[in-house]
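Asks: Have a look at this one before I ask anything.
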Amino acid sequence: MKSTILSRRDLDFLLYEWLDVEKLTTLDRFSEHSRETFDGVLDLCEQLATRYFAPHNKLSDANEPTFDGQTVSLIPEVKEAWDAFAAADLLAMGMDAEVGGAQLPATVAQAAFAWISAANVSTSGYLMLTIANANLLARFGTPEQIEQFVKPMLAGRFSGTMALSETQAGSSLADITTRAEPQADGSYRLFGSKMWISGAEHEMTENIVNLVLAKIPGGPAGTKGISLFIVPKFLADGTRNGVAISGLNHKMGQRGITNTVLNFDGAVGYLVGEPHRGIVYMFHMMNEARLGVGMGAVALGYTGYLKSLEYARERPQGRPPGVKDPSTPQVPIIEHADVKRMLLAQKAYVEGGLGLALYCAKLVDTGDQAALDILTPVAKSWPSQWCVEANSLAIQVHGGYGYTREYDVEQHYRDNRLNPIHEGTHGIQSLDLLGRKVTQNGGAGLAALGERVQATVAAASGAAPDLAAQLDAAWQRLIAVTGAMFASGDVEAAIGQQRGVPGGVRSHRGGLDLAGAGAGRRGADRGFL
Numbered sequence: 002m003k004s005t006i007l008s009r010r011d012l013d014f015l016l017y018e019w020l021d022v023e024k025l026t027t028l029d030r031f032s033e034h035s036r037e038t039f040d041g042v043l044d045l046c047e048q049l050a051t052r053y054f055a056p057h058n059k060l061s062d063a064n065e066p067t068f069d070g071q072t073v074s075l076i077p078e079v080k081e082a083w084d085a086f087a088a089a090d091l092l093a094m095g096m097d098a099e100v101g102g103a104q105l106p107a108t109v110a111q112a113a114f115a116w117i118s119a120a121n122v123s124t125s126g127y128l129m130l131t132i133a134n135a136n137l138l139a140r141f142g143t144p145e146q147i148e149q150f151v152k153p154m155l156a157g158r159f160s161g162t163m164a165l166s167e168t169q170a171g172s173s174l175a176d177i178t179t180r181a182e183p184q185a186d187g188s189y190r191l192f193g194s195k196m197w198i199s200g201a202e203h204e205m206t207e208n209i210v211n212l213v214l215a216k217i218p219g220g221p222a223g224t225k226g227i228s229l230f231i232v233p234k235f236l237a238d239g240t241r242n243g244v245a246i247s248g249l250n251h252k253m254g255q256r257g258i259t260n261t262v263l264n265f266d267g268a269v270g271y272l273v274g275e276p277h278r279g280i281v282y283m284f285h286m287m288n289e290a291r292l293g294v295g296m297g298a299v300a301l302g303y304t305g306y307l308k309s310l311e312y313a314r315e316r317p318q319g320r321p322p323g324v325k326d327p328s329t330p331q332v333p334i335i336e337h338a339d340v341k342r343m344l345l346a347q348k349a350y351v352e353g354g355l356g357l358a359l360y361c362a363k364l365v366d367t368g369d370q371a372a373l374d375i376l377t378p379v380a381k382s383w384p385s386q387w388c389v390e391a392n393s394l395a396i397q398v399h400g401g402y403g404y405t406r407e408y409d410v411e412q413h414y415r416d417n418r419l420n421p422i423h424e425g426t427h428g429i430q431s432l433d434l435l436g437r438k439v440t441q442n443g444g445a446g447l448a449a450l451g452e453r454v455q456a457t458v459a460a461a462s463g464a465a466p467d468l469a470a471q472l473d474a475a476w477q478r479l480i481a482v483t484g485a486m487f488a489s490g491d492v493e494a495a496i497g498q499q500r501g502v503p504g505g506v507r508s509h510r511g512g513l514d515l516a517g518a519g520a521g522r523r524g525a526d527r528g529f530l
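As structure tokens, then:
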């Protein structure tokens, strides 16, 4: 029986026939791997998703975490799934060998983790945040911090969070007020509160490692004065740190993962890296989380599509047009034109989204940072818009059954509806794209992406000339519009912002050369600027 969690056939096609991930084994970092190890990880995650994650997806939705004023309680199946994933050493599957990781390509790790997200996006959230937290500290933390916090997270003993938002600031991180007072021993004491912090309280792990943005008094104003701190739930001697929750937020979806209001009352914190560079460090985790949210949106859209496809094949209702005899057997609804339309729309959204997410993961593996930078806000925002629409269509295919809790698709829609907001709304992603990514290094990211688009156009011109021409025309239009927007060199005018933009993004003036981005059969000489 085919899985309705994800399609392994589609994953294999994208990984091996399109992205050719086996070639990554020629790189030193991945030289110990082969298709056999890649397949093994994919098989393992499918098995874990089927056995440990999918079975409690509806249960954790119906029995969300509770807080009695002292302790947050989860259903036991969440910890069972966490323990199974950790016991398989999958928390470290993409990490460096020197910290105990398997050094799998990000492309394979993302594809494997998609099984977990599709099966149970709430429980997978604890894992995703912990992996991203560990990745940030492995890159910017001291050897002592890596030993004390990263290795226990990768072993599954600790979990991790990211604590950015505050009630009065939301995504405008320049306006956070949490402060960090330096102490004589080199540590800091944090005072303030954070809002919408997922995974920040539970009894599932020995400790919870919160990565917290705060301002050191006397530092620069705005985002330039933000620093990053490790604030654990428990200190090294086992005493409870001064960080506690005042309550749980109750969401329409993804109910199985705690979402908290955190209060810091003199909590001990440890500085990550240098003072006032917290935004730089946190963007490492934020960008990873944005790609993870995009893939999570795809996974939810995909499983909804597969379930509606199965339902449409099995549900008899109605007869072909022109058949009036009521004694004629009814046909499966997949034979009706409108149902076909909805299934094909879902298929386009989820397969396109999966391709985009895995393509970005391969850019991580190949170190193509310029192209990755420009695609990150797109890879977060596009799937979280259109794969939610796929979930809506999955409900529509089910008809009246679709909006009942007896079927999975209504929960998938509710779970996925959070993703257009998670890690920055569509508006914030667009401000990041236009206010930062398009203008970086004189348009290098757009040029890098343009080279790839034009290479695709050239490759497709022989076999599919009509499609190649459509792609080329769409890209040339995008370059023309972008060039017109930035013709004055004033980014603030281009994005319609008179002041700083949310989320730590700051616009700047400067030249933008889009000639390379439009280069191709008819782009390089168009003189957009």
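Everything in the sequence shown is counted per the working numbering, starting at 2 for the first residue and increasing by one. For every residue, glycine included, the Cβ atom is placed at its ideal position computed from N, Cα and C. Computed from a predicted structure; not experimentally measured.
By the three-class DSSP mapping on this structure, what secondary structure does leucine 105 have?
Replies: As a first step, residue 105 is located in the sequence shown; it is residue number 104 there, counting from the start. It is coil, neither helix nor strand.
Asks: Going by beta carbon distance, what residues of the same chain come within less than 6 angstroms of leucine 105, once the five residues before and after it are set aside?
Replies: For the purposes of this step, residue 105 is taken as residue 104 along the sequence shown, with counting starting at 1. Once the five neighbours on either side are set aside, the close Cβ partners of leucine 105 are Met94 and Gly95.
Asks: For arginine 180, which beta-bridge partners are listed by DSSP?
Replies: Here residue 180 corresponds to residue number 179 of the sequence shown, with the count starting at 1. Beta-bridge pairing links arginine 180 to Phe192 and Lys216.
Asks: Please classify leucine 28 as buried or exposed, where buried requires at least 16 other C-beta atoms within 10 Å of its C-beta.
Replies: Here residue 28 refers to the residue found at position 27 when the sequence shown is read from its first residue. Flag for leucine 28 reads exposed.
Asks: Taking the DSSP output, what are the residues bridged to phenylalanine 268?
Replies: By one-based count along the sequence shown, residue 268 stands at place 267. Note that residue 268 is alanine in the sequence shown, not phenylalanine. Answer is Leu191, bridged to alanine 268.
Asks: Per the DSSP calculation, phenylalanine 68 is bridged to which residue(s)?
Replies: What you label residue 68 is simply residue 67 of the sequence shown in a count that begins at 1. Val73.
Asks: Using the Cβ count rule (16 or more neighbours within 10 Å means buried), how would you classify tyrosine 404?
Replies: Here residue 404 corresponds to residue number 403 of the sequence shown, with the count starting at 1. Exposed, since its Cβ has fewer than 16 Cβ neighbours within 10 Å.
Asks: Should the region 246 to 261 be called in touch with the region 307 to 323, which here means at least 3 C-beta pairs below 8 angstroms?
Replies: As far as the Cβ criterion goes, the region 246 to 261 does not touch the region 307 to 323, which means the pair count is below three.
Asks: Quick check: glycine 297 and methionine 129, are their CB atoms within less than 9 angstroms of each other?
Replies: Taking the first residue of the sequence shown as 1, we reach residue 297 at position 296. Taking the first residue of the sequence shown as 1, we reach residue 129 at position 128. Against a cut-off of 9 angstroms, the Cβ pair of methionine 129 and glycine 297 comes out as a contact.
Asks: Identify every residue that forms a DSSP beta bridge with isoleucine 227.
Replies: Position 226 of the sequence shown holds residue 227. Answer is Lys216.
Asks: On the DSSP bridge list, what partners appear for isoleucine 246?
Replies: Reading the sequence shown from its first residue, position 245 is the one you call residue 246. Isoleucine 246 is bridged to Leu263.
Asks: Taking only three categories from DSSP, how would you classify serine 4?
Replies: Indexing the sequence shown from 1 puts residue 4 at position 3. Here serine 4 sits in coil by DSSP.
Asks: In this structure, what does DSSP give as the bridge partners for isoleucine 258?
Replies: Here the question's residue 258 lines up with position 257 in the sequence shown. Partner(s): none; isoleucine 258 has no beta bridge.
Asks: From which residue to which residue does the beta strand (DSSP E) around threonine 206 run?
Replies: By one-based count along the sequence shown, residue 206 stands at place 205. Note, threonine 206: premise wrong, no beta strand (DSSP E); not H, not E.
Asks: I need the DSSP call for glycine 501, collapsed to helix, strand or coil.
Replies: By 1-based counting over the sequence shown, the position of residue 501 is 500. Residue placement at glycine 501 is poorly supported in this model, since its pLDDT is 41, which falls under 50; the coordinates are not used for a value here.
Asks: Serine 188 and tyrosine 271: beta carbons closer than 9 angstroms?
Replies: To locate residue 188, count along the sequence shown from 1; it is residue 187. To locate residue 271, count along the sequence shown from 1; it is residue 270. Cβ atoms of serine 188 and tyrosine 271: closer than 9 angstroms.
Asks: Once you ignore the five residues that flank proline 378 on each side, which residues in its own chain have a CB closer than 6 angstroms to its CB?
Replies: Mapped onto the sequence shown, residue 378 falls at position 377. Taken in chain order, the residues that qualify are Gln430, Asp433 and Leu434.
Asks: How far does the alpha helix (DSSP H) with threonine 377 in it extend, from its first residue to its last?
Replies: Numbered from 1 along the sequence shown, position 376 holds the residue referred to as residue 377. Start and end: 370 to 399.
Asks: Counting only the same chain and skipping the five closest in sequence on each side, list residues whose C-beta sits under 6 angstroms from that of proline 276.
Replies: Residue numbering aside, residue 276 sits at position 275 when the sequence shown is read from its first letter. These residues qualify, in order along the chain: Ile217 and Ser228.
Asks: Skipping 5 residues on each side, what residues in its chain have a beta carbon closer than 6 angstroms to that of alanine 120?
Replies: By one-based count along the sequence shown, residue 120 stands at place 119. Taken in chain order, the residues that qualify are Ile6, Ala50, Phe54 and Ala55.
Asks: Smallest Cα separation from glutamate 352: which of Gly305, Leu364, Ile334 and Asp339?
Replies: The residue you call residue 352 lines up with position 351 of the sequence shown. Comparing Cα positions, the closest option is Gly305.
Asks: With a CB to CB cut of under 6 angstroms and the five nearest residues on each side skipped, what residues in its chain are close to glutamate 202?
Replies: For the purposes of this step, residue 202 is identified with residue 201 of the sequence shown, where counting begins at 1. Same-chain partners within the cutoff: Val73, Ile246, Thr259 and Thr261.
Asks: Just mark lysine 234 as buried or exposed, buried being the case when its beta carbon has 16 or more other beta carbons within 10 Å.
Replies: Position 233 of the sequence shown holds residue 234. The residue in question, lysine 234, is buried, as its Cβ has 16 or more Cβ neighbours within 10 Å.
Asks: Identify every residue that forms a DSSP beta bridge with proline 317.
Replies: Position 316 of the sequence shown holds residue 317. Looking at the DSSP assignment, proline 317 forms a beta bridge with Pro333.
Asks: Once the 5 residues before and after aspartate 176 are set aside, which same chain residues still bring their CB inside 8 angstroms of it?
Replies: By 1-based counting over the sequence shown, the position of residue 176 is 175. The residues are Glu167, Gln169 and Ala170.
Asks: Run the CB neighbour count on valine 506, radius 10 Å, all protein chains shown included, and call it buried at 16 or more, exposed below.
Replies: Along the sequence shown, one-based indexing puts residue 506 at 505. Legend: pLDDT at valine 506 = 37, less than 50; position of this residue unreliable, value from coordinates given subsequently. Buried, since its Cβ has 16 or more Cβ neighbours within 10 Å.
Asks: Classify glycine 504 as buried or exposed, calling it buried when 16 or more other Cβ atoms lie within 10 Å of its own Cβ.
Replies: Taking the first residue of the sequence shown as 1, we reach residue 504 at position 503. Because glycine 504 carries a pLDDT of 39, less than 50, the predicted location of this residue cannot be relied on, and no value is offered for it.
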